[in-house]
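One structure below.
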Ligand code: 28G
């Protein structure tokens, strides 16, 4: 290591100086996306990203993250240590510059590959701007260096040498500012997920997570990287073969793909990453993968007389039951991200690179593993037959659409008047009575209401036929109008938003879980493309009688709201813990939970596929012992809304 340290030259002029930290404090969301849970954790990712970059450059092997009791977090690496010398232009230590000036991702010219994309990689200065303090210790060139910032990035203790050492690395401790974030409570699970995902993608780096609040710690280290990722995703599934791993570098683009097929699964699970950032909306790498895979399988099947000319397999037949991880490293200047959330790779040349990559490698694998190949083609043909049969049934149903079926739909669903489907919203409401209230409180033009009688069926490991027998789901499928399973076609959906609205108690959470399990199994792209939401009714009502006939009141969704509501109502207020949708009249339900301008919605996303799969099989599967264990470990029955929070894996949107 010492040898390598000497070899590396750096130029402190490289640090691009942009502007101060006030901008970040004024508009934090512009830099970290939000001031909620996601934004709070973003502060950690910024620091961890720097440690990862250092390890990717070949310096350091272990990154440790510690959540402290006082609400601060530490990140430590064993790299070279952040440079401490005086920057020529700025005339301040490089470390001070790094923590006090904004630099966008990729401004460090020595980086061929970075971990940054889109909003990520805005740098440690953003964490500093939004923290009460940042404390930095650097072990470098035989000395221990220390610098401390307080109160949104002001130097509190200038850089000083505090001792001698023979180790090297960096330790950063920071405490997010409670005046900026809606909550400053770091979530073990969120950091766990992030570090685990990083460890799968960066197979040579070890991540250690410690929580001093609970004295729990966890190490992530995957010798086999994404191959292990796929294997773990498919744990407990009936797989065709061991996970396949392929890797190559073409025109400076490093491609790594791991994939495995499962029986008894109608979904395709493809997760793609570019420079370790998830590309949720896919892009040219995913398109290339699909194209190349389809070509490889069809060519193989044809060459071996397994299919006849007209019966070519469609891509979806070939991807049914497939789990794949696609991980690309692209030089910074080649990355093009598209879409509102920058979750889609646009780089054109990637398409052919990945397409040829998978075509060549998979063709070779098919030829070398005949038994697997025959099984795979058979499986694809089963999917093809099912698809053709489903289309026929759909056409027949359309031709002889019985009046009876229509009656069932119309008597339950109160439709929206508009035909502008993208703007329409379907509220799936717990209980007939709340359904009635929602019907009266809705915006008739764009909002439809579908009340549920009792609890929906648990669709974990149910067959399609069983699911269809269930009236609630048949009605939901009809209402959405885009089919189900492999034939689900999101472009036919009659609603831009499907909103689950339940009471904020354990029963409500259970219903949410059952509905989400259904969507996860049979309309997964409805979730992954961001169309599924959970409505958040308020938790408190703060009120005061101002006269015999007049009452003033405010609703509160969280503790911060509650403080504000108390202030607004003034002395003499009464707080009632809000128990359910049923306590509101139509006007109130509209005001608090349905009106797009006032309500709070949680958008459901699968930000951790691994966890989603695991949690669904734990919570909804047949193994009751496993579920009991999970519930005992994770559910706090003393406060019901805690349970709700754990259940929903998403981010407040409105
Ligand atoms: C523990 C929490 C987060 C880091 C380093 C190491 C270097 C560095 C970091 O340099 C400035 C500008 C362009 C090269 C680089 C040390 C070269 C030589 C570094 C971290 C220098 C940034 N010696 N370790 N930054 N560049 N760890 N961990 O932040 O020219 S950041």
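In our numbering, the protein residues as written are -9 to 644. Even glycine gets a Cβ: it sits at the ideal position worked out from N, Cα and C.
For residue 86 and residue 169, I'd like the C-alpha separation in whole angstroms. 24 Å
Indicate, with yes or no, if ligand 1 has a heavy atom lying under 6 Å from the CB of residue 41. yes
Same chain, Cβ closer than 8 Å to residue 229, neighbours up to 5 away in sequence not counted: 250, 251, 252 and 253
Please report the distance separating the alpha-carbon of residue 472 from that of residue 165. 47 Å
Which residue's Cα is closest to the Cα of residue 648: 129, 122 and 134? Missing from the structure shown is residue 648; the chain here goes from -9 to 644 and no further.
Taking only three categories from DSSP, how would you classify residue 398? Only weak support exists for where residue 398 lies, its pLDDT of 48 falling under 50; the value from the coordinates is given anyway. DSSP places residue 398 in helix when its eight states are reduced to three.
Out of 386, 220, 80 and 444, point me to the one whose CA is closest to residue 317's CA. 220
For residue 138, the three-state DSSP class (helix, strand or coil): strand
Within 8 Å, do at least three Cβ pairs link the segment 140 to 157 to the segment 49 to 60? no
For a quick check, are the C-beta atoms of residue 303 and residue 374 less than 7 Å apart? yes
Buried or exposed, going by whether 16 or more other CB atoms sit within 10 Å of the CB of residue 313? buried
Is there contact here, the segment 170 to 177 with the segment 67 to 85, by at least three beta-carbon pairs under 8 Å? no
Return yes when the C-beta of residue 67 is under 6 Å from any heavy atom of ligand 1, and no when it is not. yes
Provide the residue span of the beta strand (DSSP E) that contains residue 716, from first to last. Look at the range of the chain in this structure, -9 to 644, and you will see that residue 716 is not part of it.
Given 6 Å as the limit, tell me if residue 127 has its C-beta closer than that to any heavy atom belonging to ligand 1. no
Excluding five sequence neighbours on each side, which residues of the same chain lie with their C-beta closer than 6 Å to the C-beta of residue 186? 210
Do residue 56 and residue 200 have their CB atoms nearer than 7 Å? yes
Pair every Cβ in the segment 420 to 439 with every Cβ in the segment 484 to 502, then say whether three or more of these pairs are closer than 8 Å. yes
Considering only heavy atoms of ligand 1, does any lie closer than 6 Å to the CB of residue 44? yes
Taking contact to mean at least 3 C-beta pairs separated by less than 8 Å, is the segment 404 to 417 in contact with the segment 475 to 487? yes
Under DSSP, the alpha helix (DSSP H) around residue 553 begins and ends at which residues? 549 to 559
Quick check: residue 345 and residue 272, are their CB atoms within less than 7 Å of each other? no
Local Cβ density within 10 Å of residue 207, reported as buried at 16 or more and exposed below that: exposed
Taking buried to mean at least 16 other C-beta atoms within 10 Å of its own C-beta, is residue 105 buried or exposed? Because the pLDDT of residue 105 is 47, which lies under 50, any placement of that residue in the model is unreliable, and the number read from its coordinates should be weighed accordingly. That one is buried.
On the three-state DSSP scale, how would you describe residue 570? coil
In the DSSP assignment, find the unbroken beta strand (DSSP E) run with residue 127 in it and report its ends. 121 to 130
Going by DSSP, what residue range makes up the beta strand (DSSP E) through residue 264? 259 to 264
N- and C-terminal bounds of the beta strand (DSSP E) containing residue 543: 541 to 546
If I follow the unbroken alpha helix (DSSP H) through residue 39, where does it start and stop? 27 to 46
Where residue 96 sits in the DSSP three-state scheme: At residue 96, the pLDDT of 38 sits below 50, so the modelled position is not reliable; the number obtained from the coordinates is stated separately. Correct three-state label for residue 96: coil.
What residues match up with residue 533 in a beta bridge as DSSP calls it? 543 and 564
Suppose contacts are defined by Cβ-Cβ distances below 7 Å. Is residue 212 in contact with residue 189 by that definition? yes
Only counting the same chain, and skipping five residues up and downstream in sequence, which positions put a Cβ closer than 8 Å to that of residue 241? 339 and 343
Would you mind working out which of 581, 561, 227 and 119 sits nearest residue 645, comparing C-alpha positions? The structure shown has nothing for residue 645, since the chain only spans -9 to 644.
Runs of beta strand (DSSP E) lying entirely within the segment 267 to 322, each at least 3 residues, in chain order: 312 to 319
Report yes or no: do three or more beta-carbon pairs, one from the segment 127 to 136 and one from the segment 64 to 71, lie closer than 8 Å? yes
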